[in-house]
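One structure is given here, and the rest of the page talks about it.
Numbering (the numbering used here), first residue to last: 878 to 1000.
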C-alpha cells in the first residue's frame, strides 16, 4: 500500500511541479527495497518493516521468497534507478529530471498496478 501511494504520487508529480519530492520518495523506496530484499525486515528497511508489521498481519502459508525477491530486487530496482539518475548534459538538471519523470509515467503505472495487485491479493 505504501508502494502504491508513492508510485501514484510520482505519476502526478511532474504535472504538479513536485519532481524533487517524487525523486526523494522514490530514492527512499529504492533503498528501502534493496535493504529489505538483501536483509529481510530490519530496522534499516523502515518502510518495509512498518508495512510488514501493520499491514501484513494475516500471512498465508510459508512459501519461498525467491519470486518476491526477484520482482522487488531486480525488476523494481532496475526499473526505478534509471528514472532517478538525471543527465544534465542536455540542459539543467531540473528539466532533465522533469523529462525523465514525465517519460516514466507508463513504467510507474505498471509498478503501481503490480504493487496494488500484490496488496489486494495478499489477504
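Heads up, the beta-carbon is just placed ideally off N, CA and C, and yes, glycines get one too.
In whole angstroms, what separates the C-alpha of residue i from that of residue j?
{"i": "residue 993", "j": "residue 882", "result": "9 Å"}
{"i": "residue 953", "j": "residue 878", "result": "15 Å"}
{"i": "residue 928", "j": "residue 910", "result": "12 Å"}
{"i": "residue 891", "j": "residue 943", "result": "34 Å"}
{"i": "residue 902", "j": "residue 991", "result": "18 Å"}
{"i": "residue 975", "j": "residue 884", "result": "15 Å"}
{"i": "residue 987", "j": "residue 946", "result": "18 Å"}
{"i": "residue 980", "j": "residue 916", "result": "32 Å"}
{"i": "residue 920", "j": "residue 950", "result": "18 Å"}
When burial is assigned at 16 or more other CB atoms within 10 Å of the CB, is residue i buried or exposed?
{"i": "residue 925", "result": "buried"}
{"i": "residue 960", "result": "buried"}
{"i": "residue 896", "result": "buried"}
{"i": "residue 930", "result": "exposed"}
Under 7 Å, Cβ to Cβ, is there at least one residue of chain B near residue i?
{"i": "residue 910", "result": "The structure shown contains no chain B; it holds only a single protein chain."}
If you follow the alpha helix (DSSP H) that residue i is part of, which residue opens it and which one closes it?
{"i": "residue 889", "result": "879-893"}
With a cut-off of 8 Å on the beta carbons, I'd call residue i and residue j a contact; round off their distance for me.
{"i": "residue 893", "j": "residue 978", "result": "11 Å between Cβ atoms; not a contact."}
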